[in-house]
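2 protein chains.
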Amino acid sequence: MKIAEALQLFLWLIPDALYMFELLLQKINEKVPITPEESAVCKTFFIPKKLRKKQYLLQEGDVCKYVAFVEKGMLRSYTVDDKGTEHIMQFAFEGWWLSDQFSFLTAEPSVYNIDALEDCELLLLTKPAEEEMLVRVPKLERYFRLLLQNSLIAIQRRLVSSLSHTAEEKYRQLLASCPGIAQRVPQHMMASYLGITPETLSRLRNPKNRKV
Amino acid sequence: MKIAEALQLFLWLIPDALYMFELLLQKINEKVPITPEESAVCKTFFIPKKLRKKQYLLQEGDVCKYVAFVEKGMLRSYTVDDKGTEHIMQFAFEGWWLSDQFSFLTAEPSVYNIDALEDCELLLLTKPAEEEMLVRVPKLERYFRLLLQNSLIAIQRRLVSSLSHTAEEKYRQLLASCPGIAQRVPQHMMASYLGITPETLSRLRNPKNRKV
DNA sequence: CGCGGGTTTGATGATGCTCAAGCCCGGTGG
DNA sequence: CCACCGGGCTTGAGCATCATCAAACCCGCG
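Protein chains in written order, with the numbering used here: chain A, 9 to 220; chain B, 9 to 220.
Right under this line is the structure:
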């Protein structure tokens, strides 16, 4: 057996550990430069996990045990209101993080669902792993604070937008802030994210309805 | 001169230090019990400040240098959109905190304004003071993390509410979640907070318009 | 081929906005 | 002390936006 073949076999046996961390390390390095040694330490705390389309990472009523980093595929988090309508809180593409911060921190049951919109490769971090990791690589404190900040800003912007803009303006803003989303996310989910009905979104996409 | 007398004199000279910290310490103790010694340390980092009605704590374009704790009175933060309409992000009553987290953390110019809706007594904390305080009283890390969490949850709830509820439902929710607000906040400001026009709010408050 | 989910299209109605006028009340100056 | 002013609240009429309900359509898939 040649070495190349052996390597192939090896990769096949523990495929996750080898190739799944590239994006994570790249993203971290963008904000907080870390050494190769720190990278190596960092890797040890994550749990690689694959999720197939429509599978759940978190279901309403359960405690959110992980924060998830998306290496491949995409996730969404959403609530279901009293009328049974879904409200998408967030999409998470490659390179994004997703969890229910509140449930994760307090260990109380979540009001959100998280599921896969495409087949996914995720890196999961438990609370104890996160804490240990921050002790071993304190630089990452800064990285996680930046993440939290960014999510706070994003959601504030979205709130203002939802209070002051029309459906069409909100849609354009979404396309602008997240190019390519229309190619990957079904339309009725974008509608759910924007807080409008699928019919309305369909209509305002149709140029025939353009105002004079 | 006895020590007690000296203390009295000392307190007399800087009167703020005497009565202005009660609510702050009480609020902290509700979530994170601290010793009298820690309380004393804690006090030294805050800058007491009085603000008269309509005065600004932060103006759009400036860097947010402080987080403010409200001992008396009330504050609001808001943005002005391209059409010139104000959008109130948050009210802060006695015992609440307010700042622009983003500008405070990054030292970039803020997009928000913060001003006083009533004469106020505030306790201000600068970034260096905060950091030093957290070193001296590490228990407070937890307290501040809880604050951040709570604001994240609150704003998420508000977003879902703004996407899924009618003007009336949102108004009722506001009254329920913040009793007494109608007695202290002018109506057009509640409208601004809810993202509706003053006229609409006025109408849905009038029982004559009640649906059958 | 037929089924089913997602999207489109149409008709109708409710909700909330805009503009405009009137009202109430507290504050100011004569 | 009163008249006047102005800000905030109310009321009204008309209109734009968007939701609802229903039907048709499109297309991938078993």
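By construction, the Cβ of each residue, glycine as well, lies at the ideal position given by its N, Cα and C atoms. In this text the structure is predicted, and so the values were computed from the model without any measurement.
Spanning the alpha carbons of A/His95 and A/His196 requires a straight line of approximately 11 Å. For B/Tyr151, the uninterrupted alpha helix (DSSP H) segment begins and ends at Lys147 to Ser172. Here B/Thr208 has Ala175 and Ala199 as same chain residues with Cβ atoms under 8 Å from its own Cβ, once five neighbours each way along the sequence are excluded. If you draw a 10 Å sphere on the C-beta of A/Asn214, you find fewer than 16 other C-beta atoms in it, and that means exposed. When Cβ-Cβ separations below 8 Å define contact, A/Ser172 makes contact with chain B. In this structure A/Phe110 is in contact with B/Ile161, their Cβ atoms being roughly 5 Å apart against a cut-off of 8 Å.
Looking at the DSSP output, B/Lys80 shares a beta bridge with B/Glu129. For the 8 Å CB-CB criterion, A/Leu156 and A/Leu32 do not form a contact. Not one beta carbon of chain A lies nearer than 8 Å to the beta carbon of B/Gly92. With respect to B/Lys51, B/Glu129 sits apart: the two C-beta atoms are not nearer than 8 Å. Cα atoms of B/Ser118 and A/Val168: separation of roughly 15 Å, rounded to the nearest angstrom. Secondary structure of A/Val49 (DSSP, three-state): helix.
Listed along chain B is no residue with a C-beta nearer than 9 Å to that of A/Phe77; the closest approach is about 19 Å. Shown here, A/Asn121 sits in a strand according to DSSP, grouped into three states. Each of B/Glu149, B/Phe101 and B/Ile122 was checked against the Cα of B/Gln191, and the nearest Cα belongs to B/Phe101. Ranked by how close their Cα comes to the Cα of A/Thr43, the residues A/Leu183, A/Arg144 and A/Lys73 have A/Arg144 in first place. For A/Ile55, none of the residues of chain B pass the 8 Å Cβ criterion, the least Cβ distance being about 24 Å. Along the stretch 179-197 of chain B, there is no position whose C-beta sits under 8 Å from a C-beta of chain A. Per DSSP, B/Glu140 has no beta bridge partner at all. Beta-bridge pairing by DSSP links B/Val40 to no other residue. Residues of chain B with a Cβ closer than 9 Å to the Cβ of A/Phe29 do not exist; the shortest Cβ-Cβ separation is about 28 Å. Cβ contact annotation for B/Cys72 (same chain, cutoff 6 Å, sequence separation greater than five): Leu66, Ser107, Asp108, Ser111, Phe112 and Ser118, in chain order. Between the alpha carbons of A/Tyr64 and A/Leu83 lies a gap of roughly 9 Å. Interface annotation for the stretch 141-174 of chain B against chain A: Arg153, Leu156, Gln157, Ser159, Leu160, Ile161, Ile163, Gln164, Arg166, Leu167, Val168, Ser170, Leu171 and Ser172, criterion Cβ-Cβ distance under 8 Å.
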